Every structure is written in structure tokens, then in C-alpha cells.
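Numbering (my numbering), first residue to last: 1 to 505. For each residue, glycine too, the CB sits at the ideal point set by N, CA and C. Quantities reported herein were computed from a predicted structural model and do not represent experimental measurements. Right, one structure below, let's go through it.
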Amino acid sequence: MTKNVLAFDLGASSGRGMLARFDGEKITLEEVHRFPHNFSMLNGHAYWNLLHLMDEMKNGLRKSGKDLSGVGFDTWGVDCGFLSREGDLLAMPGSYRDPGLDDANMREALIALHPNGQTGESTIGALEAAVLDGEKYAFGQTGIASLAYNTIYKLYYMKKHMPSILEQTDTILMMPNLIEYLFSGVKHTEYSIASTSQLYNMEQKCWAKPLLDKLQFDPGWFTEVDLAGRDLGTLRTDVAKETKQQDLHIISAPGHDTACAVAAVPAEEEQYTFLSSGTWSLMGISSKTMLTGDNIIRDKISNEGTSDGGYRPTVNIIGLWMQQEIRRNFAAEGREYTFPQLAELAAKEKPLQSFIRPDDFMQPGDYPTKIREYCKQTGQPVPQTDGALVRCILESLALKYKQTYLSLKPYITWEEKLYIVGGGVQNELLNQYTANALGIPVITGASEATAVGNVMAQFKALGCYDTAQQKCDILAASFDTKTYLPQEQEAWQEAYGKFEQLMED
């Protein structure tokens, strides 16, 4: 018997409703609703328009028919909402792109987490040591790398600059769980999204109370944490009436979109290396245990949670944002390209001429000028054409992937190959460059990986499959894979040496 479920997959700039049908052997996906969204600036702060998101998801429910067995939600990580004692929303959820969430705010919080309390010394050396000690303490409490936009630093900022919201707060819910609450009335926190907060102890599987106490965060703000697949009951009566979806059950999906994407990796092996490729890229490994040590902290490796309660030590990488941004630059100058057209232009250019440091290009701006100025300053050939600029971006990103892979390689004890899922699998040129840079086979899976991971959790909860092998069989029957073998190894090894030097300068 065919079962239908709906996945709402919310990214940082758009959302979509994906209808999935399972006929007992394979899954088919259909996009039933897509909508743009973005954060808005108000009084110098960045907020998500949750009312717009809710209205659009209700539109998606109306378009999805009446034979749904479940609906699940996944979003980006770290952002959250604040509820009063009566269960009312106290403010629109803040965005991780808020200007206040900068390195200075994070460093101040890390100094406050110094194991011996605030350091009494104010020399640069003493402050740097206090920051490092605080970072080690935070990692020891959570297993998560310190990144300025993590939830912990949002709450630290709010406690200093927006205390009235926290004073009224009874419950904090991560973004996908906030949406579930508004649709169902049930408050809970799903494991994978909790892991992005840097407030949850990934080893002990509980909120990190010693850390919360140090920062004077109320442990009572946080709910129980459970795994994906929990049936949260049916839609609230008012929502069911408004959307004409009677008796529709909300099934908790992996709340973090990356956890969803990793759940769609087409690996039959128990352990594997993955890359979730999109606006952001996230490279990591599946692991039965947490990775620890000073090098893990240095390399910003986070022991984030999987859909089934395991670990996926992961590194955040800027991803295809750079290509998206330069495409916008070209369009502003009157040159409209599709992404396949950009790849075609890049493929015609001379290989491995110039490289950039991807981490320096996270902010929007005039990318053609920025790239050319960087190449000139570093004594490299200056890209003159649109194709050369795009090739510089894609080759630099592939080399950044190699650098990240090498930081994970000491923990890879299985056959070396990389599984890529997500929208980036459609960029075949980058897939080939990645195989060339890493020197290992690359296998691509579903481009709609986040939606696939979301619906797979729902179908499992509905009893459609049970074992890991059954899941692999369903993925294999439903989505094509493609293998890229490494080429031009000598040239890419030489290129990595040049790239590594740029990264060190």
C-alpha cells in the first residue's frame, strides 16, 4: 500500500514542501510548494519572519492533498525561539547572521567560560590563553566546535544586550522544534538540532548543566531531547481546520538539515566519509564515538548528532555560496548565466592558474573585483574572463575540501572514498575537481538529500522499513548514483602545495 508524507525543508533563503510517495520498493518526490524567505533587519538585528514561514507552510499543506500519513520539518542549525510561561512567542527568532554574533562576542563568552573564572590579567597573551582555555572547556562540555553563530553565543549576547526577553523566557526551542510546537502544541527538542546549539553534552546525552551554570543560563529553559521518528500527534485544531488536513500526524524528522542530508547518503558501509554540498558544504565522517583532542578543537571539528543518535564529526565549509554570489555579480552587470552555463565557461579555461582562500569570501560583495585584487596581491595570474573567475572559485573550493579531508583522514580507517549529497551534486565539474583534489573516488547521491532524509525518518516511524539494509535498498532503488575517479593527479598535487601556502600566509 502506498504511503504519502510531506517534508518541509527550510533553508536560509527558501523553503519548500516535498511530497514523498513510497510504494513498498522506492520513493518518488514531488515539489508541491516553494517559497522565498530571508531575514529582516530591525533595530540593527537580524530576525526571521516566522509568520511568513508559517503561512507558506500552511499553503504547502493545502496543496498536498488529503492522503498524507505524516509531515516533518527540518531547518538550518543554531537558531531558536523563546516562549513565555503561557506558551506565547516572545519575539521573532533571531538569525545566525545577526551582526552582534561576531568573534568579539564569542571571545568574551569563552573568557567567561575560563575554567578558573574571569582571568585577572589583561595582557594580550593572557587574554588569548583565556580564550583558548574557554574554548577547550566548551568543547569538553559539549563536543562541539566554537563558532560565533552557535546558540550559546546568541544567548550570551542576549543576556548582555536583550535581557528582557530572557527574563520572560520559560522555554527555548530550536527552530524546527519551534515550528513543530506551533503546529502541534508539543514542546520537545530533537537530538540532531540540539547538537548544533553547543549547549548539549554529546557524550552524556544531556544538556551541559555546568556550562549553563557558568554562563547563568537557566537549565529549565530546555526541554527533553529525543530522537527523530517521534509521533507528536495531530495538527492543532485551528491549523487542521485552516489547512483542511484532519488527523494529520506530525512526525519528528531529523531537525538539522545536515543530519537529514547525511541520512540520505547511499552508503552500504557502516562507516563512511560524506560531503553535504550546497550553499554551505559540510564534510564529515560517521563515527561510533566522539573525536576529541587539541587538534579536533584547532580544526573546528564538531561531533554533531545523526538521525539515529550517533555522531557525525563535521567541518563547516563555505560551499557554493561563492559561485552563487559571483553569478549575482554577473547578472547585475547584465550577463545572465545558468549554473550549467557557468560550468561550461569554467571548463574551457586553463586549469589550476589561480586560487583564493575560500574563508576570506564569506561576505557578499563585488566578487570579480575581490578575486582579481586577491590574485594580484598574492602574485598569481589575474583571472580576466567570467569563466576564469568561476574556475578559480571551483578549483579553490575543491582544494579546500582536500585540506578538510586531510584533517579528518587520521580517523578514517575504512576504504577511502567520498559520498556527496545535496544540491551541489548537480555541479559535475566541481565533483570531478573534488575527486582530482582528494585523489579518491567520489560517489554522488540524491540532490534532494535533505528532503530524502526527512521523509525516510517518517517512513521508518510509519513502519515502512526497519533495518539499515532495507533503508539502503530503498535509496538504491529510488535515486541514481554517479562515480567520479581522480584525474591529473600530479598537477593537482602541485596545485595543493600552492593553495596550502596561501592558506598559511
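(request) Mind listing, in chain order, the continuous alpha helix (DSSP H) runs of no fewer than 4 residues lying wholly within the region 390–456? (result) 428–438
(request) Please classify residue 460: is it buried, with 16 or more other beta-carbons within 10 angstroms of its beta-carbon, or exposed? (result) Taking the first residue of the sequence shown as position 1, residue 460 is located at position 460. Residue 460 is buried by the Cβ-count criterion.
(request) In the DSSP assignment, find the unbroken alpha helix (DSSP H) run with residue 80 in it and report its ends. (result) Translated into the one-based positions of the sequence shown, residue 80 becomes position 80. It is not in any alpha helix (DSSP H) - residue 80 instead sits in the beta strand (DSSP E) that spans 80–83.
(message) Looking at residue 32: is its Cβ nearer than 7 Å to the Cβ of residue 17?
(response) What you label residue 32 is simply residue 32 of the sequence shown in a count that begins at 1. What you label residue 17 is simply residue 17 of the sequence shown in a count that begins at 1. Yes, these two residues count as a Cβ contact at 7 Å.
(request) Taking 7 Å as the cut-off, decide whether the C-beta atoms of residue 381 and residue 354 are in contact. (result) Counting from 1 along the sequence shown, the entry for residue 381 is found at position 381. Counting from 1 along the sequence shown, the entry for residue 354 is found at position 354. Yes, these two residues count as a Cβ contact at 7 Å.
(message) Could you tell me the alpha carbon to alpha carbon distance between residue 504 and residue 170, rounded to whole angstroms?
(response) By 1-based counting over the sequence shown, the position of residue 504 is 504. By 1-based counting over the sequence shown, the position of residue 170 is 170. Residue 504 and residue 170: Cα-Cα distance of roughly 46 Å.
(request) Report buried or exposed for residue 270, applying the criterion of at least 16 other Cβ atoms within 10 angstroms of its Cβ. (result) Numbered from 1 along the sequence shown, position 270 holds the residue referred to as residue 270. Exposed, by the Cβ-count rule.
(request) Tell me, please, whether the region 101–116 touches the region 139–152 by the rule of three or more beta-carbon pairs shorter than 8 Å. (result) yes
(message) If you reduce the DSSP assignment to three classes, tell me which class residue 490 lands in.
(response) Taking the first residue of the sequence shown as position 1, residue 490 is located at position 490. Residue state, collapsed to three classes: helix.
(request) Reducing DSSP to helix, strand and coil, say where residue 208 ends up. (result) Within the sequence shown, residue 208 is the residue found at index 208, counting from 1. In this structure, residue 208 counts as coil in the three-state DSSP scheme.
(message) Would the region 279–286 count as touching the region 309–317 if we require 3 or more Cβ pairs under 8 Å?
(response) yes
(request) From the DSSP output, in three-state form, read off residue 290 for me. (result) In the sequence shown, counting from the first residue as 1, residue 290 sits at position 290. DSSP places residue 290 in coil when its eight states are reduced to three.
(request) Only counting runs of 3 or more residues, tell me where the beta strand (DSSP E) segments fall wholly within the region 35–119, in order along the chain. (result) 39–42, 45–48, 68–74, 80–83
(request) In angstroms with no decimal places, state the Cα-to-Cα distance between residue 462 and residue 172. (result) Here residue 462 is taken as the residue at index 462 of the sequence shown, counted from 1. Here residue 172 is taken as the residue at index 172 of the sequence shown, counted from 1. Cα-Cα distance, rounded: 29 Å.
(message) Checking the sheet assignment: what are the DSSP bridge partners for residue 15?
(response) Taking the sequence shown and counting its residues from 1, the one referred to as residue 15 is at position 15. Paired residue(s): 10, 35.
(message) Using only the alpha-carbon positions, how far apart do residue 213 and residue 219 sit?
(response) Reading the sequence shown from its first residue, position 213 is the one you call residue 213. Reading the sequence shown from its first residue, position 219 is the one you call residue 219. Straight-line Cα distance between these residues: approximately 8 Å.
(message) For residue 239, report the span of its alpha helix (DSSP H) as first-last.
(response) Residue mapping note: residue 239 aligns to position 239 of the sequence shown, counting from 1. It spans 237–243 - the alpha helix (DSSP H) in which residue 239 sits, taken as one unbroken run.
(request) State buried or exposed for residue 138, treating a residue as buried only when at least 16 other CB atoms are found within 10 Å of its CB. (result) Along the sequence shown, one-based indexing puts residue 138 at 138. Buried, because 16 or more other Cβ atoms sit within 10 Å of the Cβ of residue 138.
(message) By DSSP's criteria, residue 3 is part of a beta bridge. Which residues make up the other side?
(response) Within the sequence shown, the letter at position 3 stands for residue 3. Answer is 22.
(message) How far does the beta strand (DSSP E) with residue 367 in it extend, from its first residue to its last?
(response) To locate residue 367, count along the sequence shown from 1; it is residue 367. Not the beta strand (DSSP E): residue 367 falls in the alpha helix (DSSP H), residues 367–377.
(message) With H, G and I counted as helix, E and B as strand and the rest as coil, what does DSSP make of residue 150?
(response) Residue mapping note: residue 150 aligns to position 150 of the sequence shown, counting from 1. Reduced to three states, the DSSP call for residue 150 is coil.
(request) Report back the beta-carbon spacing between residue 156 and residue 109 to the nearest angstrom; my notes put them in contact at under 8 Å. (result) Position 156 of the sequence shown holds residue 156. Position 109 of the sequence shown holds residue 109. The pair is a contact, with the Cβ atoms about 4 Å apart (cut-off 8 Å).
(request) Measure the alpha-carbon distance for residue 47 versus residue 95 and round it to whole angstroms. (result) Here residue 47 refers to the residue found at position 47 when the sequence shown is read from its first residue. Here residue 95 refers to the residue found at position 95 when the sequence shown is read from its first residue. Roughly 5 Å separates the two Cα atoms.
(request) For residue 161, count neighbouring C-beta atoms within 10 Å of its own C-beta (all shown protein chains included) and say buried if the count is 16 or more, exposed if not. (result) Within the sequence shown, residue 161 is the residue found at index 161, counting from 1. Classification for residue 161: exposed.
(request) Count the CB pairs spanning the region 247–258 and the region 70–84 that are closer than 8 Å, and state whether there are at least three. (result) yes
(message) For residue 175, report the span of its alpha helix (DSSP H) as first-last.
(response) Indexing the sequence shown from 1 puts residue 175 at position 175. Its alpha helix (DSSP H) spans residues 175–184.
(request) With DSSP collapsed to three states, give me the class of residue 497. (result) Here residue 497 refers to the residue found at position 497 of the sequence shown. Helix at residue 497.
(request) Can you grab the Cα-Cα spacing for the pair residue 492 / residue 393, in whole Å? (result) Sequence index remark: in the sequence shown, residue 492 carries index 492 (1-based). Sequence index remark: in the sequence shown, residue 393 carries index 393 (1-based). Cα to Cα, residue 492 sits roughly 15 Å from residue 393.
(message) Less than 7 Å between the beta carbons of residue 255 and residue 344, yes or no?
(response) Indexing the sequence shown from 1 puts residue 255 at position 255. Indexing the sequence shown from 1 puts residue 344 at position 344. No. Outside cutoff.
(message) For residue 277, tell me which candidate among 412, 444, 243, 77 has the shortest Cα-Cα distance.
(response) Translated into positions along the sequence shown, residue 277 becomes position 277. Answer by Cα proximity: 444.
(request) Inspect the CB distances between the region 290–306 and the region 330–338 and report whether three or more fall short of 8 Å. (result) no
(message) Short of 6 Å in beta carbon distance, which residues of its chain neighbour residue 119, apart from the five on each side in sequence? Order them along the chain.
(response) Position 119 of the sequence shown, counted from the first residue, corresponds to residue 119. Low per-residue confidence applies at residue 119: pLDDT is 49, beneath 50, and the placement is therefore not dependable, though the value from the model is reported in the following sentence. If we look at residue 119 and ignore the five residues flanking it on each side, its Cβ neighbours are 126, 130.
(request) Return the bridge partner residues of residue 266 from the DSSP annotation. (result) Here residue 266 refers to the residue found at position 266 of the sequence shown. Answer is none; residue 266 lacks a bridge partner.
(message) Closest to residue 352 by C-alpha separation, out of 49, 26, 489, would be which residue?
(response) As a first step, residue 352 is located in the sequence shown; it is residue number 352 there, counting from the start. Measuring from the Cα of residue 352, the nearest candidate turns out to be 489.
(request) Report yes if the CB atom of residue 263 is closer than 7 Å to the CB atom of residue 453, and no otherwise. (result) Within the sequence shown, numbered from 1, the residue matching residue 263 stands at position 263. Within the sequence shown, numbered from 1, the residue matching residue 453 stands at position 453. Taking 7 Å as the Cβ cut-off, residue 263 and residue 453 qualify as a contacting pair.
(message) How far does the alpha helix (DSSP H) with residue 475 in it extend, from its first residue to its last?
(response) The count along the sequence shown starts at 1 and reaches residue 475 at position 475. From DSSP, the alpha helix (DSSP H) with residue 475 extends over 468–478.
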